[in-house]
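Undergrad:
Number of protein chains: 2
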Amino acid sequence: MHASPACGITSNVSFRTDRGAAMTDPTDPYLIISAACHAGLPTERYRPYLEAGHHRAFDDFLGRRDARRAEAARYGARHHTSALKWYEDNEEGLRGGWDAGRRVKELDGDGVAAEVVFPDAGTADGGTAPPFGAGLDPAAGADPETAVAGARAYNRWLAEFCATDPERHCGVALLPAGAETDAVVAEVHRARESGLGALLIPAGWDDAAPYHDRRYDPVWAAAAETAMPVLTCAGAGPRPEHGGHLGIQLSEAAWWPARPLWFLLWSGVFERHPGLRFGVVGAGCWWLPDLLWHMDRLYLGHGGRTGSPYAALKRSPHEYLDRQVFVCATAPSRHELARRYEIGVDNILWGSGFPHPEGTWPHTREWLRRAFHDIPVGETRRMLGESAAEAFGFDKRKLTRVACRIGPTPDDLGQPRNQAPVEASWRRARETGRHWLTGFDFPFVGMGE
Amino acid sequence: MHASPACGITSNVSFRTDRGAAMTDPTDPYLIISAACHAGLPTERYRPYLEAGHHRAFDDFLGRRDARRAEAARYGARHHTSALKWYEDNEEGLRGGWDAGRRVKELDGDGVAAEVVFPDAGTADGGTAPPFGAGLDPAAGADPETAVAGARAYNRWLAEFCATDPERHCGVALLPAGAETDAVVAEVHRARESGLGALLIPAGWDDAAPYHDRRYDPVWAAAAETAMPVLTCAGAGPRPEHGGHLGIQLSEAAWWPARPLWFLLWSGVFERHPGLRFGVVGAGCWWLPDLLWHMDRLYLGHGGRTGSPYAALKRSPHEYLDRQVFVCATAPSRHELARRYEIGVDNILWGSGFPHPEGTWPHTREWLRRAFHDIPVGETRRMLGESAAEAFGFDKRKLTRVACRIGPTPDDLGQPRNQAPVEASWRRARETGRHWLTGFDFPFVGMGE
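Sequence order for the protein chains is A and B.
Counted the way UniProt numbering counts, the first sequence spans residues 1 to 449.
Counted the way UniProt numbering counts, the second sequence spans residues 1 to 449.
(1) Quick one: list the residues of chain B neighbouring A:P357, beta-carbon separation under 8 Å, in chain order.
(2) Which of helix, strand or coil does DSSP assign to B:S425?
(3) Under the assumption that A:A388 contacts A:P229 (Cβ atoms under 8 Å), give the Cβ distance between them as a whole number of angstroms.
(4) What residue range is occupied by the uninterrupted beta strand (DSSP E) comprising B:F118?
(5) Against chain A, does B:H318 count as a neighbour if the rule is that its beta carbon must be under 8 Å from one of theirs?
(6) Compare the Cα-Cα distances from A:T380 to each of A:N347, A:R272 and A:G93 and report the closest residue.
(7) Which residues mark the beginning and the end of the alpha helix (DSSP H) in which B:L291 is found?
(8) Give, in chain order, every unbroken run of the beta strand (DSSP E) that is at least 3 residues long and sits entirely within the region 318-375 of chain A.
(9) Tell me, please, which residues DSSP counts as bridged to A:H38.
(10) If you draw a straight line from the C-alpha of A:E115 to the C-alpha of A:Q324, how long is it?
(11) Count the other CB atoms, across all protein chains shown, that sit within 10 Å of the CB of A:H318; report buried if there are 16 or more and exposed otherwise.
(12) Would you kindly report the start and end of the unbroken alpha helix (DSSP H) that includes A:H242?
(13) If you measure from the beta carbon of B:G301 to each beta carbon in chain A, is any gap under 8 Å?
(14) From the DSSP output, read off the bridge partner residues of A:H169.
(15) I'd like to know if the region 275-289 of chain B and the region 212-231 of chain B are in contact, where contact means that at least 3 CB-CB pairs between them fall below 8 Å.
(16) Could you give the residue range of the beta strand (DSSP E) that holds A:G275?
(17) With a threshold of 8 Å between beta carbons, is B:R259 in contact with chain A?
(18) Rank B:S267, B:D412, B:R64 and B:E252 by C-alpha distance to the C-alpha of B:A371 and give the top, closest one.
(19) Is it right to say B:N418 is buried, meaning 16 or more other beta carbons lie within 10 angstroms of its own, or is it exposed?
(20) Any beta carbon from chain B within less than 8 Å of A:P443's own beta carbon?
(21) I need the straight-line Cα distance from B:W293 to A:V185, nearest angstrom please.
(22) My output table needs one value for A:L199: the three-state DSSP class, helix, strand or coil.
(23) Let me know if B:G122 comes out buried or exposed under the rule of 16 or more other beta-carbons within 10 Å of its beta-carbon.
(24) Less than 7 Å between C-beta atoms, sequence neighbours within five positions excluded: which residues of the same chain meet that for B:R215?
(25) With a CB to CB cut of under 8 Å and the five nearest residues on each side skipped, what residues in its chain are close to A:H373?
(26) If we ignore side chains and look at the alpha-carbon of each, how far apart do A:L50 and A:E241 end up?
(27) Out of curiosity, what's the CA-to-CA distance linking B:H335 and B:R427?
(28) What would DSSP say about B:C162, mapped onto helix, strand or coil?
(29) Verify whether the separation of the beta carbon atoms of B:Y299 and B:Y154 is less than 8 Å.
(30) Compute the Euclidean distance between the alpha carbons of B:A203 and A:D59, then round it to the nearest angstrom.
(31) Skipping 5 residues on each side, what residues in its chain have a beta carbon closer than 7 Å to that of residue 478 of chain A?
(32) Would you list the residues sitting across from A:C285 in a DSSP beta bridge?
(33) By how many angstroms is the C-alpha of B:H356 removed from the C-alpha of B:T330?
(34) When you compare only the Cα positions, how much space is there between B:L337 and B:L261?
(35) Which chain E residues are close to A:F263, counting only those with a beta carbon under 7 Å from its beta carbon?
(36) Buried or exposed: which applies to A:H189, given that a residue is buried once 16 or more other Cβ atoms fall within 10 Å of its Cβ?
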């Protein structure tokens, strides 16, 4: 089923400069990087990673866990019958949430050469939250200083965890961005020096300043300087407002982590920090095409006119998006993949979501076949790994050895050896692309016949 | 240019029961209802409509207006050079914001037979806000009792205003829904008895309970009983968070008024109150197709299974949408009109936005021609008036006389006399429709040549 170790994937390293020539050899395995995986210790085991001065607060935090778990259970997401069965059936592999040895076996089984590691191993009982919510969960109620201490503890453990196989794990440091700026900037550099590769900020700023505020400029500058993408992740949101209605929570689950995108964009953060990269994680990408259309329309409607209210930007929103923004989409739907020419093929980074139940594990190979069988191989390579390698700085040359051992091939994904009809089937969609820029004011679908 | 008074439009009254037979006689004028217009007195003139006990508070409110105007000016929306020129050029017609005689002339000029009237006449200086923000503008800082008093004052004036030509004006009462329930329910009935036809609730609940709360059930019941649609409107949003960045405000301007939709839906309000109708106003409808897809997917993913977390619903989200929800779209874009088969043709109610600068006035006839020339006549009739007549209870028989006098015809809109090619051009889009329900997992655009 897998290609030989002498597989031709190494020629793929220069793909970026050779975009036109899609790698379509059906025996070249995919170099797959999951841009959205999760890991975390059972909460109580963070104690040794926490500075001693915070141990008493940590004991209090553990004591309040039961109430939070009961609250989480009201939502039912992890507790209806079929979900519980999933956890039982996969108990062994779920230990890969914090056991590095087990984890690599699961990645191999999925054909995933490397991964970006976010917090919350997602156990059925919600028992792997970082200390004090680590600034991501306002409901945890920690003061800023305590939140930073909790983040440091998680980050220390994560650096150890990723160091077991640094080529395959890119750890995402928790960064309570709303805390005191100097401490936040220091944690960016400390995290980078410890081997971590990206930064997760809270999607909401709670009582801190919104992300358009200039007080964050040193944080964005440090992120750009260290080449650590800044990320927001689905999952928080104002739960008390949702009244226990899972449908309400999930209807707006993508919106809260997406919101910082337009706060950064319109306040000129991407203009002032061209080296900053920003990603939205675990929220799919279905909300992005129309948002991008809407924002471009606002900007272009004032293009070049004096007195534009968008003077902080020198480019259209889509230009900043293509230069600096991406989505890490866990198990993206076929509908979302079909809209990749609007979103930007290079802006979609696939994720398995391991070990979360909403992800593709432990059936990733079958999932990939179902999702990608009729998508061009060259685009599949971008979304499954190439773009993530660039965004997070993976060493593709080293990973190629892993990919040659475990990576599924286009054949394995059911992609036809003759790609010409596949390419042709997407011609209209590709030509339409971002319809507001290509002259297709009405989508192509309404134009022909 | 216009059809004779003996025009055939009356046969259109039974359109609802005769959906298949589109009225395509090119000399039948359109019965156009703008589902989103605005009116309001210059603020200081509400004093006589306000109960005496609130006069002192009103004087304080007026005193604080300058600060609010300065804040509004920071956003630039109404104050950049081209906008100011627009206000100057249209000064005469803008008096139609509160002068009923002038208003009817402007409606006639636009070919609009009837209208749904929302607050805020939208003058350049923002000087037509209802007293105390009337519960719609949390920044106005009124306590709930004062907010209700302000709403009553506006509603009294509006009832007088609409009574000048009740067939053509459907007034939307302000309803600070978060105030004491008995007072809110009383205001629903008082508003209905005074001749008003719909209810505008704040898009955000501020310190009150979110709209999933059972405390609102008597309000929804009263709205259903009086056949007054409940509406939310773009415009509020948490401005202090936006830091004066217009792009941030407008990027999420549709989201805040849309948010109550999923709070009502998932908490079972539409299930418990099948007679309730809910509309989102002035926020376009570009955000709706993917939201609907997302919500249907959540629900259908648990369809019929035991332990579904969506047990409050007996139907799919799209079924509630088609039964009870609509959008009043001011000057919808061509892109939004092209997605009408996903949204539901019958769920889109066109609005001119008169007298707001983002609307189509005073060039509505030209605007309609540009927007609708290649859309089928039958669907155009639904979106331009039929659906609004049903949602708001307009008397189509009486309005037909007005429409025969002023309404543009399909010829005027540049719609071909032979509609067959127009219908054919939309066949693929119509067949794809809600792609998640029609089996087009990938949009049609990617499937064929």
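Think of the CB as a built atom: it goes at the ideal place given N, C-alpha and C, for glycine as much as any other residue.
On a predicted model such as this, the values are computed, not experimentally measured, just so you know.
TA: In this structure, then:
(1) Ordered by position in chain B, no residue passes the 8 Å Cβ test against A:P357, which lies about 12 Å from the chain.
(2) helix
(3) So it is not a contact: roughly 10 Å between Cβ atoms.
(4) For B:F118, the uninterrupted beta strand (DSSP E) segment begins and ends at A114 to F118.
(5) no
(6) A:N347
(7) L288 to G301
(8) 325-330 and 348-351
(9) A:F118
(10) 20 Å
(11) Classification of A:H318: buried, given that the 10 Å Cβ count is 16 or more.
(12) R239 to H242
(13) no
(14) According to the DSSP secondary-structure assignment, A:H169 is paired through a beta bridge with A:E115.
(15) Judged by pairs of C-beta atoms under 8 Å, the region 275-289 of chain B touches the region 212-231 of chain B, as three or more such pairs exist.
(16) Here A:G275 belongs to no beta strand (DSSP E), and DSSP marks it neither H nor E.
(17) B:R259 counts as touching chain A.
(18) B:D412
(19) exposed
(20) Below a pLDDT of 50, predicted positions are generally treated as unreliable, and A:P443, at 46, falls in that range; no measurement from the model is reported.
(21) 41 Å
(22) strand
(23) Buried, by the Cβ-count rule.
(24) T181 and A209
(25) L413, G414 and Q415
(26) 32 Å
(27) 17 Å
(28) In the three-state reduction of the DSSP assignment, B:C162 falls in the helix class.
(29) Taking 8 Å as the Cβ cut-off, B:Y299 and B:Y154 do not qualify as a contacting pair.
(30) One C-alpha to the other measures close to 41 Å.
(31) Any question about residue 478 of chain A goes unanswered here, given that chain A covers just 1 to 449.
(32) Paired residues: none, contrary to the question.
(33) 10 Å
(34) 21 Å
(35) Absent from the structure is chain E; the protein chains it does hold are A and B.
(36) Label assigned to A:H189: exposed.
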